[in-house]
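Contents: one structure, followed by commentary.
There are 2 protein chains.
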Amino acid sequence: MRTTAASRPARERLLDAAGELFYESGIAATGVDAVLARAHVSPATLYAHFAGKDGLVAAYLERRYRHWQQVWDEVLDEESDPVDRLLSVFDAVVRYRRAEGNRRGCAFLAAATELPPGHPGQDWLAADSRLLTERLHRLAEDAGADDPTEIADGLLAFYDGALARLARQAATSGLDTGDPVTRARRMAAGWLAGRLPRVRSSA
Amino acid sequence: MRTTAASRPARERLLDAAGELFYESGIAATGVDAVLARAHVSPATLYAHFAGKDGLVAAYLERRYRHWQQVWDEVLDEESDPVDRLLSVFDAVVRYRRAEGNRRGCAFLAAATELPPGHPGQDWLAADSRLLTERLHRLAEDAGADDPTEIADGLLAFYDGALARLARQAATSGLDTGDPVTRARRMAAGWLAGRLPRVRSSA
DNA sequence: CGCCTAGTATAACGGTCGTTATGGTGAAAC
DNA sequence: GTTTCACCATAACGACCGTTATACTAGGCG
């Protein structure tokens, strides 16, 4: 193997470039040529590793999904209080976004509006939704909620609200009331307070 | 003028077709040819009425903005209770969406992720955000809120959450807990309850 | 050495994009 | 009745899209 002067292999360079460009400029708006140029990869190599652009898009979403899940896992391991564990989804978003400079909003929300119905990347959007609902449901059970489904669904409403606000901010760029995610966490904490059997006050 | 056998003039036919296709299939994914074919309009006519596709997109967003504002006005005229007037934004969305068959999510949220930064349609996205924040702020003042900015921002969080959920549903298509907008209204009403000086219970 | 692998560079493919040009047509205005 | 205006249909434009083909090259390994 060559890997071109001790750099990373072509497949990872492609994923790096795709992750940067798809996220920054949108999936549809980013041409294959731009990804190839940024990754310093020839067209033949791309199509040897992925099933065309759609395959690259799916791999890009898969990578983001796994990374996001991993960050949430880490945050979750640091929390012991059941309520804090429920609210950890907001802390995970804060940490996830900080790692890439807090620019733009949720890649999955953007992809949900960009990808056509049959696209292979849709599987990872569904996986993201499933991860959110199932994990929140389980954490609500652990917190002793009477109706875990309602708790999970309510928290998801706050979560989605924060993500949509981030997407809106990109266009508005006006005066904002701080970080939408932090604000959503605060509102969710208040909403949760009266709704769980026994609550220790959370940070 | 011809207007082609008693049908509507070409400009309105173009806006009708664009409104249908842009909303249904996305702005970037819809070619000019598709709009022309649906509107039964020749290319020269389009470019005589609009400044290219970008101009048509901006006009499409402007039309949606004005219609949305008008629906909200109507709903607002029917409400007298200050709290109901604050929550009218959710009722307006329900009515607005019902008029077009409840398909897909918010066109402005989708456009916010699709349009590049300098696009002429961005003005209408900003106008939408401004309408929401300013009107909610004024309604919060009318309701006698101590901190109208906080009330308006909180309601906007519920509102954005409902829209993002709609966008997510298009991809997930799983079992849903009823209409996200109605659910957001219920949560917002509960959130509002303890936060305003005097509250009559609202429907 | 010779083979294989993973990669390179360049070029072309057919298709579609947004846009413009050309020439024609029917109805209203003068 | 001629002009004028709004619109039509068709075709072409250059640019870019995603994709494939061709030919070449540098290490790893037997």
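Chains as they are written, first to last, in the working numbering: chain A, 1 to 203; chain B, 204 to 406.
Virtual Cβ for every residue (Gly too), placed ideally from N, Cα, C.
CB contact below 7 Å: residue i versus chain A
i	result
Asp-349 (chain B)	no
Gly-425 (chain B)	Outside the shown range of chain B, which is 204 to 406, sits residue 425 (chain B), and nothing can be said about it.
Arg-371 (chain B)	yes
Ser-283 (chain B)	no
Glu-215 (chain B)	no
7 Å Cβ cutoff, residue i in contact with chain B
i	result
Gly-161 (chain A)	yes
Thr-30 (chain A)	no
Thr-113 (chain A)	yes
Arg-8 (chain A)	no
Ala-193 (chain A)	no
Arg-138 (chain A)	no
Ala-34 (chain A)	no
Ser-42 (chain A)	no
Leu-196 (chain A)	no
Trp-68 (chain A)	no
Secondary structure of residue i, DSSP reduced to three states
i	result
Ile-27 (chain A)	coil
Glu-12 (chain A)	helix
Leu-342 (chain B)	helix
Ser-291 (chain B)	helix
Ala-112 (chain A)	helix
Pro-320 (chain B)	coil
Ala-247 (chain B)	helix
Ser-283 (chain B)	coil
Leu-156 (chain A)	helix
Ser-332 (chain B)	helix
Asp-265 (chain B)	For clarity, residue 265 (chain B) is Glu in the given sequence; the question names Asp instead. In this structure, Glu-265 (chain B) counts as helix in the three-state DSSP scheme.
Pro-219 (chain A)	Since the first residue shown for chain A is 1 and the last is 203, residue 219 (chain A) is missing from the structure and cannot be characterised.
Gly-393 (chain B)	helix
Arg-306 (chain B)	coil
Asp-382 (chain B)	coil
Asp-276 (chain B)	helix
Asp-204 (chain A)	The question about residue 204 (chain A) has no answer here: the residues shown for chain A are numbered 1 through 203.
Phe-50 (chain A)	coil
Arg-368 (chain B)	helix
Ala-37 (chain A)	helix
Gly-347 (chain B)	coil
Integer-rounded CB distance, given that residue j should sit under 8 Å from residue i
i	j	result
Thr-35 (chain A)	Ala-18 (chain A)	Here residue 35 (chain A) is Val; the residue named in the question, Thr, does not match the sequence. Val-35 (chain A) to Ala-18 (chain A), Cβ: 5 Å. Contact.
Ala-315 (chain B)	Leu-328 (chain B)	5 Å
Leu-155 (chain A)	Leu-86 (chain A)	7 Å
Leu-217 (chain B)	Leu-259 (chain B)	7 Å
Gly-308 (chain B)	Ala-370 (chain B)	4 Å
Ala-295 (chain B)	Trp-275 (chain B)	4 Å
Val-89 (chain A)	Ala-143 (chain A)	About 13 Å; that fails the 8 Å criterion.
Ala-387 (chain B)	Phe-361 (chain B)	5 Å
Glu-317 (chain B)	Gly-26 (chain A)	7 Å
Tyr-268 (chain B)	Asp-331 (chain B)	6 Å
Ala-391 (chain B)	Ala-164 (chain A)	No, Ala-391 (chain B) and Ala-164 (chain A) are not in contact; Cβ-Cβ is about 15 Å, not under 8 Å.
Interface residues of chain A facing residue i [CB-CB closer than 8 Å]
i	result
Arg-267 (chain B)	Neighbours of Arg-267 (chain B) on chain A: none; closest Cβ ~14 Å, over 8 Å.
Leu-312 (chain B)	Thr-113, Ala-164, Ala-167 and Arg-168
Gly-255 (chain B)	Per Cβ cutoff of 8 Å: no residues; Gly-255 (chain B) is ~17 Å from chain A at best.
Listed by chain order, chain B residues near residue i by CB distance under 7 Å
i	result
Ser-88 (chain A)	Per Cβ cutoff of 7 Å: no residues; Ser-88 (chain A) is ~18 Å from chain B at best.
Gly-154 (chain A)	Met-390
Gly-101 (chain A)	The premise fails here: Gly-101 (chain A) is roughly 17 Å from chain B at the closest Cβ pair, so nothing lies under 7 Å.
Gly-19 (chain A)	Ordered by position in chain B, no residue passes the 7 Å Cβ test against Gly-19 (chain A), which lies about 17 Å from the chain.
Partner residues on chain B for residue i, Cβ-Cβ distance less than 8 Å
i	result
Ala-157 (chain A)	Phe-361, Gly-364, Ala-365, Arg-368, Pro-383, Arg-386, Ala-387 and Met-390
Partner residues on chain A for residue i, Cβ-Cβ distance less than 7 Å
i	result
Gly-321 (chain B)	What Gly-321 (chain B) touches in chain A: nothing, since even the nearest Cβ is about 12 Å away.
Gly-258 (chain B)	Going along chain A, no residue has its Cβ under 7 Å from Gly-258 (chain B), so there is no contact; the nearest lies around 18 Å.
Closer than 6 Å: residue i CB and nearest the ligand SAH heavy atom
i	result
Leu-289 (chain B)	With respect to the ligand SAH, the structure offers nothing, as it holds no ligand at all.
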